[in-house]
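Novice:
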Amino acid sequence: MMAQRGYWANLRTGLRTVWTGLRLTFRHLKQARRRRAPVPIWDPSYFRQPDGQVTIRYPHEAIPVPDTGRYRLHNHIDDCIGCLKCARVCPVDCITIETIKAVEDLGTTSNGQKKRLWIARFDIDMAKCCYCGLCTMVCPTECLTMTKVHDFSEFDRDNMVYHFANLTPEEAEEKRRLAEAAAARPTAPVREGASEKPAAGSGKPAFAPRAVPRGQSAPPGQAGAPATRPAFAPGAVPGPEPEQSGEAEPKAETSSPQAEERKPTPRPFVFKRKES
Amino acid sequence: MGSGMEFFIALLGPVLGVMFVALLVASFIALYTLAAVYAERKVSAFIQDRVGPLETGPRGLLQTVADILKLLLKEDIVPRMADKPLWVVAPFVVFSAVFVGYAVMPFGPELVAANLNVGVLFITAFAAFEVAGLLLAGWGSNNKYALYGAVRSVAQVISYEIPAGLAVLSVVLLAGTLNLQEIVLQQGIGASGPRHLFGLPFLPDVSALGGLFTWNVLAYPHLLIAFAIYFIASLAEVNRAPFDIPEAESELVAGYHTEYGGIKFAFFYLAEYGGMLLVGLIGAVLFLGGWHSPLPNLGPVRLADWTTGPIWGIFWLLLKGFAAVFVHMWARWTLPRLRVDQLMYLCWKVLTPFAVAMVVVSAFWASWR
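As given, the protein sequences belong to chains A and B, one line each in that order.
Throughout, this note's numbering is defined as the position within the first sequence, counted from one, plus 549.
Throughout, this note's numbering is defined as the position within the second sequence, counted from one, plus 1.
#1: Compute the distance between the beta-carbons of Val119 (chain B) and Leu181 (chain B), then report whether it is under 7 Å.
#2: Count the other C-beta atoms from every protein chain shown that fall within 10 angstroms of the C-beta of Thr353 (chain B), then say buried if there are 16 or more, exposed otherwise.
#3: Can you check whether the CB of Leu571 (chain A) is closer than 7 Å to the CB of Phe1 (chain B)?
#4: Assuming Val121 (chain B) and Val44 (chain B) form a contact by the criterion Cβ under 8 Å, report the distance between their Cβ atoms to the nearest whole angstrom.
#5: So, helix, strand or coil for Met82 (chain B), using DSSP?
#6: Can you give me the Cβ contacts of Leu279 (chain B) inside the same chain, cut-off strictly under 7 Å, excluding the 5 residues immediately before and after it?
#7: Using Cβ-Cβ distances below 8 Å, what residues of the segment 53–70 of chain B are close to chain A?
#8: Counting Cβ pairs closer than 8 Å, one from the segment 262–272 of chain B and one from the segment 67–81 of chain B, do we hit at least three?
#9: Could you check whether Cys688 (chain A) and Cys643 (chain A) sit closer than 7 Å to each other, using their CB atoms as the reference points?
#10: Given this structure, state the Cα-to-Cα distance separating Val567 (chain A) from Leu336 (chain B), to the nearest angstrom.
#11: In whole angstroms, what is the alpha-carbon distance linking Lys350 (chain B) and Arg340 (chain B)?
#12: Looking at chain B, is there any beta carbon in it that lies within less than 7 Å of the beta carbon of Asp598 (chain A)?
#13: Beta-carbon within less than 8 Å of Ser766 (chain A)'s beta-carbon, same chain only, minus the 5 sequence neighbours each way: which residues are those?
#14: Would you kindly work out how many angstroms separate the C-alpha atoms of Val371 (chain B) and Tyr257 (chain B), rounded to a whole number?
#15: Given a cut-off of 7 Å on the beta-carbon distance, is the pair Asn708 (chain A) and Phe671 (chain A) in contact?
#16: With H, G and I counted as helix, E and B as strand and the rest as coil, what does DSSP make of Ile630 (chain A)?
#17: Contact criterion: CB-CB distance below 7 Å. Does His609 (chain A) meet it with respect to chain B?
#18: Taking only the alpha-carbon atoms, compute the straight-line gap between Val652 (chain A) and Asp627 (chain A) and give it to the nearest angstrom.
#19: Which chain B residues are close to Val567 (chain A), counting only those with a beta carbon under 7 Å from its beta carbon?
#20: Does DSSP put His577 (chain A) in a helix, in a strand, or in coil?
#21: What separation, rounded to the nearest whole angstrom, lies between the Cα atoms of Ala40 (chain B) and Phe323 (chain B)?
#22: Closer than 9 Å, Cβ to any Cβ of chain B: which residues of the segment 577–607 of chain A, in chain order?
#23: Let me know the secondary structure DSSP gives Val641 (chain A) once reduced to three states.
#24: Could you tell me which residues DSSP pairs with Asn715 (chain A) in its beta bridges?
#25: Hey, Ile649 (chain A) and Ala676 (chain A): beta-carbon distance below 7 Å or not?
#26: Measure the beta-carbon distance from Met277 (chain B) to Val326 (chain B) and round it to whole angstroms, keeping in mind my assumption that it falls under 8 Å.
#27: Please report the straight-line C-alpha distance between Ile646 (chain A) and Arg637 (chain A), rounded to a whole angstrom.
#28: Per DSSP, Ile649 (chain A) is paired with what?
#29: How about Arg1 (chain B): is its C-beta nearer than 7 Å to some C-beta of chain A?
#30: Taking the continuous alpha helix (DSSP H) assigned at Asn217 (chain B), which residues delimit it?
#31: Would you kindly work out how many angstroms separate the C-alpha atoms of Ser294 (chain B) and Leu319 (chain B), rounded to a whole number?
#32: Smallest Cα separation from Pro330 (chain B): which of B:Val19, B:Ser28, B:Leu17 and B:Gln49?
#33: Determine the closest residue to Thr657 (chain A) out of A:Gly631, A:Gly563, A:Tyr620 and A:Pro587, with distance taken between C-alpha atoms.
#34: Flag this pair as touching only if the segment 135–146 of chain B and the segment 224–239 of chain B have three or more C-beta atom pairs under 8 Å; answer yes or no.
#35: Out of curiosity, what's the CA-to-CA distance linking Cys348 (chain B) and Ala36 (chain B)?
#36: If you reduce the DSSP assignment to three classes, tell me which class Leu571 (chain A) lands in.
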């Protein structure tokens with residue numbers, strides 16, 4: 550291409566373009582005395598600062614995040630009813646919740662919903678979070694929100710797991726014991742399930758036999774239990790355990806050993822995505 | 002015994018003096034390189050609307066100090082398959098070739114380490130000798146990228162020696178000497194013989210005025226073109242953008258110093274920045290009046306006389322040299338790298354013919370003067 554243009558035309562173009570380029574860069578060099586103000590995007594001057602340094606000296610200054618910023622999750626645990634919707638909707642399974650059926654009255658949330666469960670564990674692994682915000686949308690009490698905090702890197706990945714539960718482990722153990730005791734009372738007349746024997750020591754077998762052996766006949770009755778309100782779906786039936794089996798019902802017909810295997814665990818309901 | 006001692010002292014004195022001066026210049030180059038690297042980072046940042054180093058020390062001033070500390074503390078690794086003697090000696094050859102150039106540089110009326118009668122030849126020869134060091138580095142590394150870089154560098158530097166040499170020759174023809182100090186003296190108030198403005202006999206003699214008007218580029222206007230040619234060619238000789246194809250980061254990793262680290266890498270850096278300043282100083286000496294002040298004597302206001310002296314000499318020469326270094330940086334952050342064919346086109350079909358023309362003009366000018 551060079552050869553086709555002719556020697557002098559080429560030389561002229563070369564000189565002109567070099568000069569243009571040098572002028573352009575020199576203009577920027579001079580303009581570097583000015584700098585862009587770290588104004589937020591809603592500031593009228595945000596798009597009207599064409600000259601000067603554009604670097605925001607981040608740790609020292611920052612462009613304000615809008616109130617609608619969707620960054621670190623926060624759970625206002627006092628308003629949480631432990632419905633598990635957030636954990637269920639989460640596409641990356643970063644929310645882990647354990648609930649304990651409360652025997653006493655927990656009062657209501659700030660929007661008037663009755664609280665029936667202790668939240669023994671409410672962990673969000675922000676390292677896994679994909680910031681889609683689905684969990685905040687399904688939250689019926691709007692206790693789970695995304696905040697403006699976006700700078701929360703950690704040296705240890707474990708520190709990215711945020712614990713929102715307000716029960717100490719000792720308290721949780723206490724509540725669990727109470728719940729189990731309460732659960733044992735009404736279902737005292739036990740129909741023994743052979744498979745339950747090994748777990749009997751855990752003090753939890755009371756209702757379990759009811760759930761599993763009836764697996765076959767239960768479906769019509771249990772089908773009504775809404776999947777979205779798992780924890781207290783069984784109503785008076787104590788403990789989350791029956792709900793678990795209720796959910797697993799279709800599977801229970803074909804693979805009851807699995808259900809049996811799960812039943813004896815003394816732990817309260819833990820939502821696991823694979824099961825649903 | 003006593004006479005032997007005296008002889009020894011008599012010998013030692015000058016040797017120590019030379020060593021002291023050499024050490025002074027070497028430390029100056031090292032400090033200048035630190036400042037120049039910082040300046041380059043700042044200039045590049047400002048041109049690109051960034052801020053540059055800011056965190057290390059006030060306004061980032063200690064950034065290059067931290068960098069050099071890192072280089073000094075690094076382990077001195079020699080690649081197993083490298084040609085060890087060549088590889089080890091290469092950075093020092095490259096640096097020495099640049100460093101030696103400062104020996105004949107006249108920094109002031111009496112300030113020149115080696116006032117050689119063949120100063121121009123000396124400095125040109127050693128500038129070319131740098132190529133040997135680059136080739137040693139590339140070959141000794143036993144690395145394809147390093148070798149490619151070295152081969153490109155040799156091709157480039159040898160090519161651009163020609164227009165640069167011809168541009169220098171056009172000055173030497175008019176000056177009638179290869180002595181750098183002589184060439185400088187001709188461009189100031191102390192010049193012997195008349196110097197007409199723009200070299201035209203019917204214009205007034207300005208040798209008493211001094212200052213800007215007696216500089217070669219104004220005394221012989223065609224040397225302005227020669228200066229431009231020299232400047233472009235010198236960019237290529239020190240492998241600076243847009244002629245940085247020997248290093249060509251995007252193609253060759255780092256070119257001939259790909260395998261180097263630590264203090265040896267630092268020496269390549271010293272050579273690069275020392276070379277930038279050196280070619281800037283040579284350009285200043287040949288075309289821009291050397292250590293002479295740009296301010297002329299205007300009647301009773303004898304600005305040229307007031308601003309001439311050893312300290313002023315160093316000041317003016319370095320100012321001109323730093324200005325050249327700044328233009329090097331400015332060009333680097335403006336122009337993209339030339340392709341190899343464009344590089345050769347520019348050298349052989351543009352710069353060389355024009356440089357030859359300048360030599361012819363100088364020759365006629367010198368004979369008819």
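Backbone N, C-alpha and C fix where the C-beta goes; we use that ideal spot for every residue, glycine too.
Specialist: A quick look at the data gives this:
#1: no
#2: buried
#3: The displayed coordinates of chain B run from 2 to 370. Any statement about residue 1 (chain B) would go beyond what the structure contains.
#4: Val121 (chain B) to Val44 (chain B), Cβ: 30 Å. No contact.
#5: coil
#6: Val99, Gly102 and Tyr103
#7: Leu55
#8: Yes, the segment 262–272 of chain B is in contact with the segment 67–81 of chain B.
#9: no
#10: 7 Å
#11: 15 Å
#12: It is worth fixing the name first, because residue 598 (chain A) is Gln in this sequence and not Asp. Judged by the 7 Å Cβ criterion, Gln598 (chain A) is not in contact with chain B.
#13: At Ser766 (chain A), the pLDDT of 42 sits below 50, so the modelled position is not reliable; the number obtained from the coordinates is stated separately. So no residue of the chain qualifies.
#14: Since the first residue shown for chain B is 2 and the last is 370, residue 371 (chain B) is missing from the structure and cannot be characterised.
#15: no
#16: coil
#17: no
#18: Each residue's alpha carbon lies about 17 Å from the other.
#19: Leu336
#20: helix
#21: Each residue's alpha carbon lies about 11 Å from the other.
#22: His577, Leu578, Lys579, Gln580, Ala581, Arg582, Arg584, Arg585, Asp600, Gly601, Gln602, Val603, Thr604 and Arg606
#23: coil
#24: Per DSSP, none; premise fails for Asn715 (chain A).
#25: no
#26: About 5 Å; that satisfies the 8 Å criterion.
#27: 10 Å
#28: As DSSP reads the structure, Ile649 (chain A) sits in a beta bridge with A:Trp667.
#29: For residue 1 (chain B) there is no data in the structure shown, the boundaries of chain B being 2 and 370.
#30: Asn217 to Ala220
#31: 12 Å
#32: Note on residue identity: the sequence assigns Met, not Pro, to residue 330 (chain B). Looking only at B:Val19, B:Ser28, B:Leu17 and B:Gln49, the smallest Cα-Cα distance to Met330 (chain B) is reached by B:Gln49.
#33: A:Gly631
#34: no
#35: 31 Å
#36: Reduced to three states, the DSSP call for Leu571 (chain A) is helix.
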